[in-house]
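J.:
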Amino acid sequence: MTFDFDSGIDRRQTGSNKWSRYPADVLPMWVADMDFAAAPAIVEAMMQRLQHPVFGYCSAKPELRAQIVADMAANYGWSITPEDIVFLPGVEPGFNMAIKALLAPGQSLALQTPIYKPIRVAPEHWSLQPIALRLDRPIAEQRTELARADALLLCNPHNPTGKVYDRAELLALAEAMGDRPIISDEIHCELLYDGRRHIPIASLDPAIARRSITLMSAAKTYNIPGLKTAFAIIQNPELRQRFEASRLGMVDSVNIMGLEATLAAFRDATDWRDAMLAYLEGNRDTLAGAVAERLPGITMEKPEATYLAWLDCSALGLGDPAAHFLTHARVAFSPGSDFGPAYGQFIRFNFGCTRGRVLEAVERMAASL
Ligand SMILES: Cc1ncc(COP(=O)(O)O)c(C=O)c1O
Numbered sequence: 004m005t006f007d008f009d010s011g012i013d014r015r016q017t018g019s020n021k022w023s024r025y026p027a028d029v030l031p032m033w034v035a036d037m038d039f040a041a042a043p044a045i046v047e048a049m050m051q052r053l054q055h056p057v058f059g060y061c062s063a064k065p066e067l068r069a070q071i072v073a074d075m076a077a078n079y080g081w082s083i084t085p086e087d088i089v090f091l092p093g094v095e096p097g098f099n100m101a102i103k104a105l106l107a108p109g110q111s112l113a114l115q116t117p118i119y120k121p122i123r124v125a126p127e128h129w130s131l132q133p134i135a136l137r138l139d140r141p142i143a144e145q146r147t148e149l150a151r152a153d154a155l156l157l158c159n160p161h162n163p164t165g166k167v168y169d170r171a172e173l174l175a176l177a178e179a180m181g182d183r184p185i186i187s188d189e190i191h192c193e194l195l196y197d198g199r200r201h202i203p204i205a206s207l208d209p210a211i212a213r214r215s216i217t218l219m220s221a222a223k224t225y226n227i228p229g230l231k232t233a234f235a236i237i238q239n240p241e242l243r244q245r246f247e248a249s250r251l252g253m254v255d256s257v258n259i260m261g262l263e264a265t266l267a268a269f270r271d272a273t274d275w276r277d278a279m280l281a282y283l284e285g286n287r288d289t290l291a292g293a294v295a296e297r298l299p300g301i302t303m304e305k306p307e308a309t310y311l312a313w314l315d316c317s318a319l320g321l322g323d324p325a326a327h328f329l330t331h332a333r334v335a336f337s338p339g340s341d342f343g344p345a346y347g348q349f350i351r352f353n354f355g356c357t358r359g360r361v362l363e364a365v366e367r368m369a370a371s372l
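All you need for this note's numbering is the position in the sequence shown, starting with 1, plus 3.
#1: Mind listing, in chain order, the continuous beta strand (DSSP E) runs of no fewer than 3 residues lying wholly within the stretch 126-166?
#2: Can you tell which of Asn-226, Leu-91, Pro-117 and Asn-258 has the C-alpha that lies nearest to the C-alpha of Phe-39?
#3: By the 10 Å Cβ neighbour count, where 16 or more other Cβ atoms means buried, how is Gly-109 classified, buried or exposed?
#4: Quick check: is any heavy atom of ligand 1 less than 7 Å from the C-beta of Glu-193?
#5: Report yes if the C-beta of Cys-61 is less than 7 Å from at least one heavy atom of ligand 1; otherwise report no.
#6: Less than 8 Å between the CB atoms is what I'm expecting for Arg-68 and Ile-88, so what's the real figure, rounded?
#7: What residues does ligand 1 have around it, judged by CB closer than 6 Å to any heavy atom, in chain order?
#8: So Asn-99 is in the alpha helix (DSSP H); what residue range does that whole segment cover?
#9: Are the beta-carbon atoms belonging to Met-260 and Leu-230 less than 8 Å from one another?
#10: In terms of alpha-carbon separation, which member of Gln-348, Trp-129 and Gly-355 lies closest to Pro-117?
#11: Identify the residues that DSSP records as bridge partners of Asp-188: which are they?
#12: Confirm, please, whether the CB-CB distance from Tyr-79 to Ser-215 is below 8 Å.
#13: Expressed to the nearest angstrom, what Euclidean distance is found between the alpha-carbon atoms of Leu-173 and Ile-204?
#14: What are the uninterrupted segments assigned as beta strand (DSSP E) that are 3 or more residues long and contained completely in the stretch 266-349, given in chain order?
#15: Measuring CA to CA, which of Asp-323, Ala-295, Leu-136 and Ala-221 is closest to Asp-74?
#16: Could you check if Tyr-60 is buried or exposed, using at least 16 other CB atoms within 10 Å of its CB as the buried criterion?
#17: Contact criterion: CB-CB distance below 8 Å. Does Gly-359 meet it with respect to chain B?
#18: Between Thr-17, Trp-22, Trp-33 and Ser-82, which has its C-alpha nearest Asn-353's C-alpha?
#19: With a threshold of 7 Å on Cβ separation, who are the neighbours of Asp-182 within its own chain once the five nearest residues in sequence on each side are excluded?
#20: At which residues does the alpha helix (DSSP H) containing Gln-70 begin and terminate?
#21: Could you name each continuous beta strand (DSSP E) segment of 3 residues or more that falls completely within the stretch 210-264, going from the start of the chain to the end?
#22: Can you check which of these residues, Leu-157, Pro-209, Ile-185 and Asp-208, is closest to His-191 by C-alpha distance?
#23: With contact counted as at least three CB pairs below 8 Å, one residue from each stretch, are the stretch 164-171 and the stretch 123-131 in contact?
#24: Around the Cβ of Ile-142, are there at least 16 other Cβ atoms within 10 angstroms (buried) or fewer (exposed)?
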C-alpha cells in the first residue's frame, strides 16, 4: 500500500491547537503534532467502533495489552507482562503522577536541558528542587549532580534536540542514579532515523526496571495525540501501586476511541509508520540542506529522532528569533526559551508536515532576513 504525505490537508476548521492559535497568514510549525492524516487502519478501526452506539466507560482490552507485550519483546527485546501496563490519558499526566508517587516537596529532580516545557516546569509544580543538567555535557561530567538527585526525569528520544541515547549513556545514567528512581518519557520511541534503534532504559537490566517508570504512547508516531491515550510500564508491583494511587481522582480512565486507535496503530499500521518515517527522514534532510543553503547564520544538527529540529539562531542577533520570524516571516515556531532560560536564541522547527511546507517556511525565513 502507498500513502500520500505530500498533499496538504486543511485543518483550520477542526479546532486544531496548531492551526487556530495564529492568524490565517501564519504558517504554524510549533506544537508537536503532524499535519498528516492518520493511518487508514486507524480510521477504519474507529469507524468500526462507531457502528456500536454505546460509549460507556471502558478499559483496555486484553488484545491491546498482549499487543504491547509482544511489541516490547519484538522491538526492544524487553520482556514485560500485561499486568505491568497502566493506561493513562497522556504521557504528561503520567510523568506528573510518577513525580507525585515518588517524591516529596523539597526533594530534587534531575532533568537534562534544554527540555520540553511540561518537563522543565514539573519540579516547580511539585515544589521540588530542579537539578538542570546540560544535555551537551558528557554523562561522566554530570555524575556529581546526579548523585544528589532524588530522581531523574529522562526524555529519550529527546525533545527538543532529537537526541537518541545509546546503551552506554543509558547505563551511565542508571549507574549514576544508584538505586533512586528513573521516570523515562519515551513518547517519541518509534520516530528514529538512519536505522537507529530505541532502547528503553528499563529494558537494560531488571535492577533498573525495578526502579523505573517508562511512559509510552502511539500518539506521536501515529499522529493521534488528540485521542489522549498513553501507558506506563512499571515492572515493580510496589511502585505500580504507588503510581496508581497517585491518580487521586484527578487522572481519569482512558478515552474509548483512543484505546481502539492505539490497538489499530500497533497491530495494523506499521506499514504506514515505516512509510511516514521515510518521508520524515526526507523532510529532515531537506530541511538541513535548506538551512545550510538559505539561512546563513542559523545552524542545525540533524535530529536522530522526532520530527522536531532545534535551530540555533545566535549568530543572527535577532533578539527574540521566534518573535522575529512570527512578525516578519509569518511562521510560528516554538521559542527556545520554552525549553530553558539559556535557549532564547533557539527555535524549535516542527517538520511533521508536507515537504512543500517545510521549504516554504525556510523561504519565508530567508526573505525575512
Ligand atoms: C517528550 C514529550 N512528552 C510528553 C508529551 C505530551 O504527551 P501527552 O499529550 O500524551 O500528554 C509530548 C508532546 O509533545 C512530548 O514531546
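For glycine and all other residues, C-beta sits at the position ideal for the given N, C-alpha and C.
T.: In short, the structure shows the following:
#1: 132-137 and 154-158
#2: Within the sequence shown, numbered from 1, the residue matching residue 39 stands at position 36. Looking at the Cα atoms, Asn-226 is the closest of the given residues.
#3: By 1-based counting over the sequence shown, the position of residue 109 is 106. Exposed, by the Cβ-count rule.
#4: Here the question's residue 193 lines up with position 190 in the sequence shown. Outside the cutoff, so no.
#5: The count along the sequence shown starts at 1 and reaches residue 61 at position 58. Checking the Cβ of Cys-61 against ligand 1 gives no.
#6: Here residue 68 is taken as the residue at index 65 of the sequence shown, counted from 1. Here residue 88 is taken as the residue at index 85 of the sequence shown, counted from 1. About 6 Å separates the Cβ atoms of Arg-68 and Ile-88, confirming a contact at the 8 Å cut-off.
#7: Those residues are Ala-35, Gly-93, Val-94, Glu-95, Tyr-119, Cys-158, Asn-162, Asp-188, Ile-190, Ser-220, Ala-222, Pro-228 and Ala-233, given in chain order.
#8: By 1-based counting over the sequence shown, the position of residue 99 is 96. Where Asn-99 is concerned, the enclosing alpha helix (DSSP H) stretches over 94-105.
#9: Taking the sequence shown and counting its residues from 1, one reaches residue 260 at position 257. Taking the sequence shown and counting its residues from 1, one reaches residue 230 at position 227. With contacts defined by Cβ atoms closer than 8 Å, Met-260 and Leu-230 form a contacting pair.
#10: Counting from 1 along the sequence shown, the entry for residue 117 is found at position 114. Among Gln-348, Trp-129 and Gly-355, the Cα nearest to that of Pro-117 is on Gln-348.
#11: Working through the sequence shown from its first residue, we reach residue 188 at position 185. Paired residue(s): Cys-158 and Leu-218.
#12: Looking up residue 215 in the sequence shown gives position 212. Looking up residue 79 in the sequence shown gives position 76. Not closer than 8 Å, so no.
#13: To locate residue 173, count along the sequence shown from 1; it is residue 170. To locate residue 204, count along the sequence shown from 1; it is residue 201. Across the structure, Leu-173 and Ile-204 are spaced so that their CA atoms are roughly 6 Å apart.
#14: Fully enclosed beta strand (DSSP E) runs of 3 or longer: 311-315.
#15: Along the sequence shown, one-based indexing puts residue 74 at 71. Nearest option by C-alpha distance: Ala-221.
#16: Within the sequence shown, the letter at position 57 stands for residue 60. Exposed.
#17: Of the chains in the structure shown, none is chain B; there is only one protein chain.
#18: What you label residue 353 is simply residue 350 of the sequence shown in a count that begins at 1. Of Thr-17, Trp-22, Trp-33 and Ser-82, the residue nearest in Cα terms is Trp-33.
#19: As a first step, residue 182 must be located in the sequence shown, where it is residue number 179. Same-chain partners within the cutoff: Arg-214.
#20: Position 67 of the sequence shown, counting from 1, holds the residue named residue 70. Here the alpha helix (DSSP H) through Gln-70 covers 65-79.
#21: 215-219 and 233-236
#22: Working through the sequence shown from its first residue, we reach residue 191 at position 188. Comparing Cα positions, the closest option is Leu-157.
#23: Short answer: they don't touch.
#24: In the sequence shown, the residue the question calls residue 142 occupies position 139. It is buried - the Cβ of Ile-142 has at least 16 other Cβ atoms within 10 Å.
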